[in-house]
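What follows is a single structure, written as structure tokens, with notes after it.
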Amino acid sequence: MSFLKSCIVLLLISLFTVACSKSISSNEAAEEGYVVYGNGGVLNYELFAQFLDKVNKSESAIVKFAKYTDEGDPIFHTLEFDDDSKDFTYTYDSRDDEFGKKEKVTTKCRTLSKDKNGTFGFIGCENDEVGKRFNAKEQIQ
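Numbers -21 to -1, 1 to 120, taken from mature numbering (1 follows the signal peptide of the UniProt record, and there is no 0), label the letters of the sequence shown in order.
In structure tokens, the structure reads:
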């Protein structure tokens, strides 16, 4: 009987843990339209390529990233380009990162550039500390 009770308790704990987890998996994030960087590689990179294409045409655009920590927690990045101001609005959201700061911060940036290694990042942000949190490695398709 004690073994049965132990199994029931473990089952309840497992169900509670899964039910309380508010983070989305990398596959769920990909299905919801995020560009996903995780341990399994990159998913939906074409969404970032489409965003860059619109920016190059001076069209308003939005792209969302979900980057996963080694522990599997998502950190969300949202990039918005405004065709009127030609500025980027960048939002960093680590509230689902169990071991992180749990913050959501936004800054405006002038330029999204690509370095010689093919990594995209922001230059000229109102809050450079926040702006430096975004980077995305170019994927050759």
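Glycine included, every Cβ here is placed at the ideal spot set by N, Cα and C.
Counting only the Cα atoms, Glu50 lies some 31 Å from Thr90. Contact between Ser5 and Ala45 holds, with the beta-carbon distance rounding to 7 Å and staying under 8 Å. By the criterion of a C-beta distance shorter than 6 Å, Val21 is surrounded in its chain by Gln118, once the five residues flanking it on both sides are discounted. In summary, Asn23 is buried, with 16 or more beta-carbon neighbours lying within 10 Å of its beta-carbon over all protein chains present. Under the criterion of beta carbons closer than 8 Å, Lys43 and Gly12 qualify as touching, at roughly 7 Å. Asp62 and Lys87 do not touch by the CB rule: their CB atoms are close to 15 Å apart, not below 8 Å.
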